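Undergrad: Mapped onto my numbering, the consecutive letters of the sequence shown carry residue numbers 722 to 796.
Don't be surprised by glycine CBs; every beta carbon is placed ideally from N, CA and C.
These numbers were taken from a predicted model, which means no experiment stands behind them.
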Amino acid sequence: MPTTLTLKSIPDEVYEHFKAAAISHRRSLNSEAIVCLESVLLPDKVSPADRLARVQALRASMPLRSAALARPLSR
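The following block contains the structure:
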């Protein structure tokens, strides 16, 4: 069941950034607050193996354009 949350004494700078984010995402302040809370409190759980598989697939989909890129960087 949805619950109402009231925030008091939000610093002006935080509020302005929050309001700007809501505008840029075309959301109401309420919807932006819910999305922000969900993203922090309920992050997507991706296992290290799944993350590695996604990185490897991404790398495989992007062929090298130069032989220089294939060489390791020397310091």
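Does the Cβ of Glu734 have 16 or more other Cβ atoms within 10 Å, making it buried, or fewer, making it exposed?
TA: Within the sequence shown, the letter at position 13 stands for residue 734. Exposed, because fewer than 16 other Cβ atoms sit within 10 Å of the Cβ of Glu734.
Undergrad: With Leu750 and Ala741 assumed to form a contact (beta carbons below 8 Å), what rounded beta-carbon distance in angstroms separates them?
TA: Residue mapping note: residue 750 aligns to position 29 of the sequence shown, counting from 1. Residue mapping note: residue 741 aligns to position 20 of the sequence shown, counting from 1. Not a contact, Cβ separation roughly 11 Å.
Undergrad: Considering only the alpha carbon of each residue, which of Arg747, Ala754, Pro784 lies closest to Leu726?
TA: Residue 726 sits at position 5 when you count from the first residue of the sequence shown. Nearest C-alpha to Leu726: Ala754.
Undergrad: Under 8 Å Cβ to Cβ from Phe739, same chain only, skipping five residues before and after it: list those, please.
TA: Walking along the sequence shown from the start, residue 739 turns up at place 18. So the qualifying residues of the chain are Ile731, Leu750, Glu753, Ala754, Cys757.
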